[in-house]
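In this text, residue positions in the sequence shown follow this note's numbering: the first is 175, and each later residue adds one.
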Amino acid sequence: MGKKDRRTPHLAFVTLRDMPGTRVMFWMVEACPYCGERHLHPAGNLRTADPGDTLGEVPAPCDPARPYVLTLPPKPRRKGGKDARRRARRAGKTEWDSDEG
175 MGKKDRRTPH LAFVTLRDMP GTRVMFWMVE ACPYCGERHL HPAGNLRTAD
225 PGDTLGEVPA PCDPARPYVL TLPPKPRRKG GKDARRRARR AGKTEWDSDE
275 G
């Protein structure tokens with residue numbers, strides 16, 4: 175296997191924030207993949223802009239020569255729910271120990 179390409183942009187997970195008292199929105203990177211600091215990227219006007227249009231590859235403010243990809247964090251996996259718990263309970267009940275009792 176070869177080395178990873180060091181110029182490949184890293185992922186930076188973002189959250190959408192607005193500036194109180196204004197119509198300005200920002201994408202906030204909590205932890206930069208390069209320096210670990212918090213960075214802000216403009217996402218447009220609150221009323222007219224679609225913030226999703228500004229996601230994608232942008233230069234990192236800490237080092238403009240190194241880009242990263244602004245992306246939304248992955249959604250958490252859903253739990254199995256009531257039916258999965260029921261099935262697990264039923265599977266556990268089928269094994270009876272004849273030594274007890």
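Beta carbons: idealized from backbone N, C-alpha and C, even for Gly.
- For residue 192 against residue 214, the beta-carbon gap comes to about 12 Å, at or over 8 Å, which does not count as contact.
- Positions of the beta strand (DSSP E) runs, each at least 3 residues long and wholly inside the region 225-268, are given as 230-234, 237-245 in order along the chain.
- Listed in chain order, the non-local C-beta contacts of residue 250 below 6 Å within the same chain number zero, local neighbours out to five positions each way being set aside.
- With contact defined as three or more Cβ pairs closer than 8 Å, the region 242-257 and the region 182-198 are in contact.
- Beta-carbon to beta-carbon, residue 202 and residue 225 are separated by about 12 Å, too far to satisfy the 8 Å threshold.
- Judged by their CB atoms, residue 241 and residue 233 are nearer to each other than the 8 Å cut-off.
- Listed as beta-bridge partners of residue 185 by DSSP are 243.
- Residue state for residue 210 is assigned as coil, using DSSP reduced to three classes.
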